[in-house]
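One structure is given below, encoded as structure tokens.
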Amino acid sequence: MVQLNTINFRDYAKKEKALLQALQMYNIEIASPMMFYTNRLATFTNWTFKSGNCTAEHMAHAGFYLIQDDCTKCVFCYKELDGWEVTDYPWDEHKSHKPDCPFVQLNKRDLTTCHIDEFIVLNSAVVKNKMMETLQQGKEELTRMFDDFKAKITEKINRVAF
């Protein structure tokens with residue numbers, strides 16, 4: 266269980282902006298805007314839990330952004346979790362469901378404290394997971410197309426044979 270200190274949102278946003286500028290100076294392209302806490306937090310506008318352990322702030326600090334209802338996704342490992350309860354600790358849930366997540370393994374919930382090499386590792390993980398998701402979607406689409414084609418051929422064969 267991890268308690269978070271209250272975050273000064275304005276200061277945090279300034280630190281993220283400074284990090285982004287530094288990364289741009291090194292020509293490092295950001296794999297996803299959701300890598301940044303402030304962007305993840307912004308997705309939780311209609312989040313159910315306004316107090317307790319499972320607040321939007323705790324969710325965003327654990328690497329999650331809101332997809333829909335109470336379904337969240339980690340930008341770094343693409344793990345989706347739902348069924349959240351007010352007593353859940355998002356960081357602990359993340360660690361237990363996806364201990365190999367690079368964000369969890371780094372154990373820094375503040376990207377502005379990362380060294381450049383740590384950021385590059387996280388950025389690479391996001392790129393890799395985006396590519397894997399795209400490949401999986403392509404595979405599923407090809408499988409659907411093949412199954413549709415197979416069904417049409419089978420139907421034609423059955424019509425001719427009988």
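Here the sequence shown is numbered in the numbering used here, starting from 266 and rising by one per residue.
No residue lacks a Cβ here, since even glycine has one placed at the ideal position from N, Cα and C.
- In the DSSP assignment, residue 329 falls within the unbroken beta strand (DSSP E) covering 329-333.
- Checking the DSSP bridge columns, you'll see residue 346 partnered with 337.
- In its chain, beyond the 5 residues on either side, 299, 325, 330 have a beta carbon closer than 6 Å to the beta carbon of residue 305.
- Contact between the segment 371-380 and the segment 330-340 is absent: fewer than three C-beta pairs spanning the two stretches fall below 8 Å.
- Inclusion of residue 351 and residue 317 in the CB contact set at 8 Å is warranted, their separation being smaller than that value.
- With a cutoff of 8 Å on beta-carbon distance, residue 371 and residue 383 are scored as near each other.
- The segment 414-427 and the segment 363-370 do not touch, with fewer than three beta-carbon pairs separated by less than 8 Å.
- Judged by their CB atoms, residue 423 and residue 293 are not nearer to each other than the 8 Å cut-off.
- Around the C-beta of residue 302, 16 or more other C-beta atoms lie within 10 Å, and the residue is accordingly described as buried.
- Judged by DSSP secondary structure, residue 309 falls outside any alpha helix (DSSP H); it is assigned neither H nor E.
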